[in-house]
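Heads up: the sequence shown runs through residues -4 to 388, numbered per the working numbering. All residues carry an ideal CB built from backbone N, CA and C; glycine is no exception. Structure record follows, encoded as structure tokens.
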Amino acid sequence: LTEGRADPVAFLRGIVGVEALKKGTPYKPWQVSGIAKVDERTVRVRLKDRDPSFLFGLTLGWVSLVPIEALSDNYVTWKKYPVGAGPYAVVSDCGRKSCLLLKARSGTAYSGPPSVQFISDPDASVDLVGFTPEPSGKYRKVFGEGPVGFTGIFFNYKSALARDPNFRRALSLAIDREALVRGEAGMKPLYEILTSNFIGRLKLSESSQIAEAKRLLTKIPKSLLNGPIRAFGFSARSQVQGFEKHVLEKLQAQWKRVGLNVEFVASTEPLFGDKDQVTVFRVDERGTGFADPLPVFYAFYSGYLSRLFPPGEAEFGKLLDAASAAPGLAEKATRVEAVSRYFADKRYALPLYEKRLAFWLQPGRVASLGKQQGVGLDVTTVRLAAGMNERSE
């Protein structure tokens, strides 16, 4: 199983026996008791309870249940059945590095381009850019519908300052979230960890409270506030620039109003080092483009973000278990609200703003993206400019 950032069971948590999957350990066929083989192309899945995240997970473009024997040696194309969503299938590697060629299958109805090249080379000239920070060049920026993630502050609980609840609350009350995103299309202030696509939200709002933030800081041992506060700003960036750079600068200015001197340093680590007790928090992004709100919280409690959560939080676990066992959607929403309230009151992480997925179009090549929802790109709704018959991304 992957050693990367993703939680391997984030969308599979409701399957009976999924606990047998351990991150970083070899996978053994049929080791999950709730998954059984029926025939060569059919499996039976047994769920613990109602679990919309499992069914939603199967609809994601990067999730595919494919027997390895059915794939070609390149592990991209199939020997017999085509890989691809809807009418499109992966047919080749374009004869070049970092490229996949998709073509609409004959006999299928589609309204998008007849063929598409997906290019992951950042230096390539393309017609549509997505899933990346803003590119250089003359592009027109457009947005999909609905939030796909949020930017927030995530704490290093090996830091004594981060563990202090007065500090976390003061840090939050010093922030003017409206000012962070003012004038930015596709961004909206966020005051709770669940973005606006989820059930169980509290619909919170919080204005900055400078006097209260200063009062809370007086309750913190002075030894913890000596010198600048070390923090990370946006991982996986060779250089933070544009809007994200302005966000960090605005945060620093807002915290200075209450007497906090925050110093952002570069980081390529997605979380914190195991021995790092000096870095207090990081500003970073998290995706929320799925149906069930519980994986958002489970990621902190027992998933790939558990390094960003205080250990031994038994009460939070009880609330999560109760929400997972809710008998219906209305009751689940109520129980998720209790989880949200607990998380927000403790300030275990500080959401800043939610955002829609951004794309950049090459003028004269792509006329419209059509209706884009979720975290992927629906190629079938893309409309090319007059005279264009192929699009690359």
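Within the same chain, and ignoring the five residues on either side of residue 163 in sequence, the residues whose Cβ sits closer than 6 Å to its Cβ are 342.
With at least 16 other beta carbons inside 10 angstroms of its own, residue 190 counts as buried. From the listed residues 359, 287, 377 and 339, the smallest Cα separation to residue 9 is found for 287. Residue 242 sits in a helix when the DSSP states are folded into three classes.
Proximity to residue 260 across 329, 238, 316 and 274 peaks at 274, based on C-alpha coordinates.
In the DSSP annotation of this structure, the continuous segment of the alpha helix (DSSP H) that includes residue 314 starts and ends at 309 to 319. With 16 or more other Cβ atoms inside 10 Å of its own Cβ, residue 112 counts as buried. In this structure, the straight-line span from the alpha carbon of residue 204 to that of residue 186 is close to 14 Å. Nearest to residue 120 by alpha-carbon distance, out of 340, 374, 372 and 360, is 360.
Under the DSSP definition of a beta bridge, residue 125 partners with 354. Scanning its chain for C-beta atoms nearer than 7 Å, with the 5 sequence neighbours on each side dropped, one finds around residue 151 the residues 157, 267, 271, 274, 275 and 276, in chain order. With contacts defined by Cβ atoms closer than 8 Å, residue 351 and residue 140 form a contacting pair. Under the three-state reduction of DSSP output, residue 97 falls in the strand class. Non-local beta-carbon contacts of residue 207 in its own chain, meaning distances under 6 Å to residues more than five positions away in sequence, involve 168 in chain order. Residue state for residue 282 is assigned as strand, using DSSP reduced to three classes. Excluding its 5 nearest sequence neighbours in each direction, residue 324 has C-beta neighbours in its own chain below 8 Å: 194, listed in chain order. DSSP places residue 183 in the uninterrupted beta strand (DSSP E) bounded by 182 to 184. Separation of the CB atoms of residue 376 and residue 107 is rounded to 7 Å, and the pair is thereby assigned contact status at 8 Å. Taking C-alpha positions only, residue 344 is separated from residue 188 by approximately 8 Å. Cβ atoms of residue 300 and residue 294 come within 8 Å of each other, at about 4 Å. With fewer than 16 other Cβ atoms from the protein chains shown falling within 10 Å of its own Cβ, residue 38 counts as exposed. DSSP places residue 209 in no beta strand (DSSP E) but in the uninterrupted alpha helix (DSSP H) bounded by 205 to 212. When secondary structure is reduced to three states using DSSP, residue 112 falls in the strand class. Relative to residue 254, the option among 320, 166 and 304 whose CA is nearest is 166.
For residue 96, the CB contacts under 6 Å within the same chain, skipping 5 residues up- and downstream, are 86, 87, 89 and 112 in chain order.
Counting the other CB atoms within 10 Å of its CB gives residue 64 a total below 16, which places it among the exposed residues.
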